[in-house]
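Novice:
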DNA sequence: GTAAGTTACGAGCGACGTAAAAATG
DNA sequence: CATTTTTACGTCGCTCGTAACTTAC
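Protein chains in written order, with this note's numbering: chain A, 879 to 1157; chain B, 879 to 1157.
(1) Please confirm whether residue 1111 (chain B) has its beta-carbon closer than 9 angstroms to some beta-carbon of chain A.
(2) Please go through the stretch 1073–1155 of chain B and give each complete alpha helix (DSSP H) segment of 4 or more residues, from N-terminal end onward.
(3) Output, in chain order, the set of chain B residues within a Cβ distance shorter than 9 angstroms of residue 1054 (chain A).
(4) Leaving out five residues on either side along the sequence, give the residues of the same chain with a beta carbon under 7 angstroms from the beta carbon of residue 950 (chain B).
(5) So residue 953 (chain B) contacts chain A; which residues on that side make the cut at Cβ distance below 7 angstroms?
(6) I want to see whether chain B comes within less than 9 angstroms of residue 956 (chain A), judged by CB atoms only; does it?
(7) Which runs of the alpha helix (DSSP H) spanning at least 4 residues fall entirely within the stretch 950–1020 of chain B, listed in chain order?
(8) Only counting the same chain, and skipping five residues up and downstream in sequence, which positions put a Cβ closer than 7 angstroms to that of residue 907 (chain B)?
(9) What residues from chain B crowd round residue 960 (chain A), counting only those whose CB sits closer than 9 angstroms?
(10) Are the stretch 1030–1046 of chain A and the stretch 1125–1134 of chain A in contact at 8 angstroms, needing three or more beta carbon pairs?
(11) Compute the Euclidean distance between the alpha carbons of residue 930 (chain A) and residue 941 (chain A), then round it to the nearest angstrom.
(12) Which chain B residues are close to residue 964 (chain A), counting only those with a beta carbon under 9 angstroms from its beta carbon?
(13) For residue 1028 (chain A), which option in A:1074, A:925 and A:1149 has the closest C-alpha, if you only look at C-alpha atoms?
(14) Could you tell me whether the Cβ of residue 968 (chain B) comes closer than 9 angstroms to any Cβ of chain A?
(15) Can you tell me where the beta strand (DSSP E) holding residue 1057 (chain A) begins and where it ends?
(16) Beta carbons nearer than 7 angstroms to chain B: which residues of the stretch 882–903 of chain A have them?
(17) Measure the Cβ-Cβ separation of residue 889 (chain A) and residue 922 (chain A) and say whether it is below 9 angstroms.
(18) Is it buried or exposed, residue 973 (chain A), if we count other Cβ atoms within 10 angstroms and call 16 or more buried?
(19) Please classify residue 880 (chain A): does DSSP put it in a helix, a strand, or coil?
(20) Can you say whether residue 1111 (chain A) is buried or exposed, counting buried as having 16 or more other CB atoms within 10 angstroms of its CB?
(21) Roughly how many angstroms lie between the CA atoms of residue 1106 (chain B) and residue 1067 (chain B), to the nearest whole one?
(22) Within 9 angstroms (strictly less), CB to CB, does residue 879 (chain B) reach chain A?
(23) By how many angstroms is the C-alpha of residue 980 (chain A) removed from the C-alpha of residue 1020 (chain A)?
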């Protein structure tokens, strides 16, 4: 039987041009390499090199064999990588959510519950979460609706949108609640990485001016320094409370139905142990 | 590095279901097989089997690995066969001719000149001989025209068509020569494997009746027994002369231009040594 | 108890490296 | 004379097989 190592050696010789150079690169002795190639030639039943007394070069058969050998080695490498990827996937829990809020508690929760797993999270407001759950791209998804058909779903968290404004801001008069329609003409600071909230609320506020900021820390700095209104939710408020206190901002609940989302956490039947933590 | 043998073992286990059965089939001991699989698992970095104390079955990773392993082994087998085919091709001289006549002398000629080669011959009256010479399907071709452009051609033989009839047959009056047009209405025995002659002459004799025979010996028997006319050529006549004598048949040359063919023997530049024998 | 898999141990084959030889430019 | 390949030889390691052990049906 051909040995893979022989093929690797053979490819190295083709690449390096001489036995000596290839042996150097392969960290083996040159006599060993010479022998290996003779054995390979015997196994294939055909000479792969034109040999003169002090020169050895691929002949036509060698060139033919080279293309096959590369193919075989490529396949072996593909196999090894595929198996490594699969092994890694066994230790990776990928969570996708339509909005960031649920991940703030779900991620640490899962890290504690499955300490040996690599937790990978992703905000994906698109429609393909269920599909990617089924094809195992994701093992856990957070959406705004439950699923059935071999998918297990549980209600997870409810997220309520608030507007925060500094003390003394004109909007303070709505401190018991405000409707989105009343934000027309206002300028509001907006953190951009909010997933489905963008589509759910922000796109509808066509008469409101937004100052967008993608960097979380820069956004928080702007909130503190500018005195402009911004959004928070019941889920984000723990992060923001420090700033809320230090700047004396007040939280105004948004009263529209759209300002409240019930999230559901779903996974496949075979991964349902991931949901036990939430029951 | 993975060993191909390990993959072969692995595939055998998947096929046989148990280590014992696979070891039996592979003609190795079962402990050896058990060890090989553990080593393979180590090399791939992932367990391929679910092991209970006295049972071992492929897990999901194993099923994944199996498909890759089969692919790798297939490629190796393909490589081995390709190299064997190539090796064989180095020892095979394939000659194609548009008609059988030239092969009767060319084949023994080449066998004597290249005694280590396997000589393979083929009658091919189609237009693709030059193409198949270039792609090395054929190494030597016999056609009715010479070629140029990296192809070496030499005139080889001239073949002249004759009609043989028994003594006393009405056509004997044409013993100095006959035209094809004068064969209208005659019934003639025809050996079918005549390549280009079929198209060159036979198809044009629309008013002549043919009794076709594919088997050479049966054809010769028919010629001897029936007293019907048949065709011979200057190249075939050595085979037929015995019958000609024993049955007192006479040969009548066909006088049309079409009844004479000049053949050319051609090969590629790299194989031009094959033509040296003919110069 | 039989059949299957794993562990332990000893033997043999094979691959490797060093050293030396042969050949070319 | 330097570079390259091949041959010879001794050592080390790997794989194999036998034997013994464990476990399940």
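Note that the Cβ used here is the ideal one computed from N, Cα and C, for glycine as well. Note that the structure is a prediction, hence the values are computed from the model and not measured.
Specialist: Judging by the given coordinates:
(1) For residue 1111 (chain B), the answer is no, since every Cβ of chain A falls outside 9 angstroms of its Cβ.
(2) 1074–1078, 1094–1104, 1115–1125 and 1151–1154
(3) Residues of chain B passing the Cβ test: none, with the nearest at roughly 56 angstroms.
(4) 885
(5) 949, 950 and 953
(6) Under the 9 angstroms criterion on CB atoms, residue 956 (chain A) is classed as interfacial with respect to chain B.
(7) Counting only runs of 4 or more, we get 979–991 and 1007–1012.
(8) 901
(9) 942, 943 and 946
(10) Contact between the stretch 1030–1046 of chain A and the stretch 1125–1134 of chain A is present, because at least three Cβ pairs lie under 8 angstroms.
(11) Their backbone Cα atoms lie some 18 angstroms apart in a straight line.
(12) 924, 938, 939, 942 and 943
(13) A:1149
(14) yes
(15) It is not in any beta strand (DSSP E) - residue 1057 (chain A) carries neither H nor E in the DSSP assignment.
(16) 882 and 883
(17) no
(18) Burial of residue 973 (chain A) is indicated by the presence of at least 16 other C-beta atoms within 10 angstroms of its C-beta.
(19) coil
(20) buried
(21) 6 angstroms
(22) yes
(23) 7 angstroms
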